[in-house]
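Protein chains in written order, with our numbering: chain A, 38 to 150; chain B, 2 to 113.
Cβ coordinates follow ideal geometry from the N, Cα and C atoms, glycine included.
Note that the structure is a prediction, hence the values are computed from the model and not measured.
Report on the structure given below.
Structure below.
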């Protein structure tokens, strides 16, 4: 158990809908990262937050947005969902967000029908 | 930006044999190289890591080597066991970077 929690574990929704994925980092970690893993694909970095501020951005679609709240939990919002958005979404956390180990949560499996 | 290539994409070995997975990176500023193991339906779990001021690190049956000049690093698993079967990812991170660049993963199968 990494100490990173993600909810929900599974999510099934329809095209065009909007969903919110939630992540709580390990105690003491200030940085949160979001990754997307499609079927048989590697981990694609989406976005990173540090202490409430966006720090780095990867291949995140405009339909997707995220934020980190004062209590350090983070939410990833996915809107206007398409079939191709079906994937595993992982959250990871680290202490300072620079050049260090990231600890991954168990993921949220999203299925868009 | 950083680019990480990982080989092979699939690897099948007999129980007790060794397994080696190799990664190359492009950005000389990268200085931290973790390896993750991902079992089916779970999140990636850190198994070993190495920093650029070290050439080799070992933890029981797992070792990682780093060649900074050639910009490649490798994961070595000795005396493989069926429970080692999983997908393994390498990653490269810069000193002041938050974002990790991951390889595409290697699916390791250990046959009993």
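Residue i touches chain A at which residues, Cβ-Cβ below 9 Å?
{"i": "residue 78 of chain B", "result": "Within chain A, no residue comes near residue 78 of chain B; the closest Cβ sits about 20 Å away, beyond 9 Å."}
Going straight from the alpha carbon of residue i to that of residue j, what length do you get?
{"i": "residue 71 of chain A", "j": "residue 90 of chain B", "result": "16 Å"}
{"i": "residue 83 of chain A", "j": "residue 69 of chain A", "result": "11 Å"}
{"i": "residue 55 of chain A", "j": "residue 49 of chain A", "result": "11 Å"}
{"i": "residue 138 of chain A", "j": "residue 104 of chain B", "result": "16 Å"}
{"i": "residue 111 of chain A", "j": "residue 60 of chain A", "result": "5 Å"}
{"i": "residue 21 of chain B", "j": "residue 77 of chain B", "result": "5 Å"}
{"i": "residue 121 of chain A", "j": "residue 149 of chain A", "result": "8 Å"}
{"i": "residue 113 of chain B", "j": "residue 87 of chain B", "result": "14 Å"}
{"i": "residue 53 of chain B", "j": "residue 135 of chain A", "result": "15 Å"}
{"i": "residue 67 of chain B", "j": "residue 50 of chain B", "result": "10 Å"}
So what's residue i in DSSP terms, helix, strand or just coil?
{"i": "residue 35 of chain B", "result": "strand"}
{"i": "residue 120 of chain A", "result": "helix"}
{"i": "residue 85 of chain B", "result": "helix"}
{"i": "residue 50 of chain B", "result": "strand"}
{"i": "residue 135 of chain A", "result": "coil"}
{"i": "residue 67 of chain B", "result": "strand"}
{"i": "residue 54 of chain A", "result": "coil"}
From the beta carbon of residue i, is the nearest beta carbon of chain A less than 8 Å away?
{"i": "residue 89 of chain B", "result": "no"}
{"i": "residue 47 of chain B", "result": "yes"}
{"i": "residue 94 of chain B", "result": "yes"}
{"i": "residue 106 of chain B", "result": "yes"}
{"i": "residue 28 of chain B", "result": "no"}
With 16 as the cutoff for other CB atoms within 10 Å, does residue i come out buried or exposed?
{"i": "residue 44 of chain A", "result": "exposed"}
{"i": "residue 166 of chain A", "result": "With chain A covering only 38 through 150, there is no way to say anything about residue 166 of chain A."}
{"i": "residue 2 of chain B", "result": "exposed"}
{"i": "residue 131 of chain A", "result": "buried"}
{"i": "residue 35 of chain B", "result": "buried"}
{"i": "residue 56 of chain B", "result": "exposed"}
{"i": "residue 44 of chain B", "result": "buried"}
Can you check whether the C-beta of residue i is within less than 8 Å of a C-beta belonging to chain B?
{"i": "residue 62 of chain A", "result": "no"}
Please list the partners that residue i has in chain A, where partner means a Cβ-to-Cβ separation under 8 Å.
{"i": "residue 100 of chain B", "result": "70, 82, 85, 93, 95"}
{"i": "residue 32 of chain B", "result": "136"}
Against residue i, what residues of chain A qualify as contacts under a CB-to-CB distance less than 7 Å, listed in chain order?
{"i": "residue 35 of chain B", "result": "138"}
{"i": "residue 50 of chain B", "result": "138"}
{"i": "residue 103 of chain B", "result": "79, 80"}
If the cut is a Cβ gap below 9 Å, which residues of chain B does residue i touch?
{"i": "residue 127 of chain A", "result": "44, 45"}
List the residues of chain B whose Cβ lies closer than 7 Å to the Cβ of residue i, in chain order.
{"i": "residue 143 of chain A", "result": "43, 44"}
Run through chain B and tell me which residues come within less than 8 Å of residue i, C-beta to C-beta.
{"i": "residue 39 of chain A", "result": "44, 46"}
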